[in-house]
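Numbering (the numbering used here), first residue to last: 20 to 137.
Ideal Cβ placement from N, Cα and C applies to all residues, glycine included.
One structure is given here, and the rest of the page talks about it.
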């Protein structure tokens, strides 16, 4: 969450520095991110319109899901599956069973397969 917040702040800060001729200080965005997170800011791992890959069964393949909205009050992301049903993904599932790219999801499946072969 912190890395994504710093990335977003840097994008805005870079634009501000370019427009106003201010020298960039990367410690500023790091400190601001820490301050915001310490005071309850929640940064969803995706935004509406993003595609994610969700592993439903570790022995199968990853299915692509379309993120329809974010629900940050419950620390979840709402997505629509290929059948048109709406489901919830807890933020904690990102990097475990939900991935931002197909390659990340397939790598997790391979790793799990190697674990099961032992």
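Reduced DSSP secondary structure (H/G/I, E/B, other) of residue i
{"i": "residue 116", "result": "coil"}
{"i": "residue 81", "result": "strand"}
{"i": "residue 25", "result": "helix"}
Beta bridge counterpart(s) of residue i as assigned by DSSP
{"i": "residue 98", "result": "86, 106"}
{"i": "residue 129", "result": "Paired residue(s): none; residue 129 is not in a bridge."}
{"i": "residue 61", "result": "Bridge partners of residue 61: none, in fact."}
Buried or exposed (CB count within 10 angstroms, at least 16 for buried), residue i
{"i": "residue 108", "result": "buried"}
{"i": "residue 118", "result": "buried"}
{"i": "residue 27", "result": "exposed"}
{"i": "residue 85", "result": "exposed"}
Of the residues the options, the one placed nearest residue i, counting alpha carbons only
{"i": "residue 112", "options": "127, 48, 31, 104", "result": "127"}
{"i": "residue 66", "options": "60, 87, 94, 48", "result": "87"}
{"i": "residue 73", "options": "23, 132, 30, 99", "result": "99"}
{"i": "residue 20", "options": "46, 61, 50", "result": "61"}
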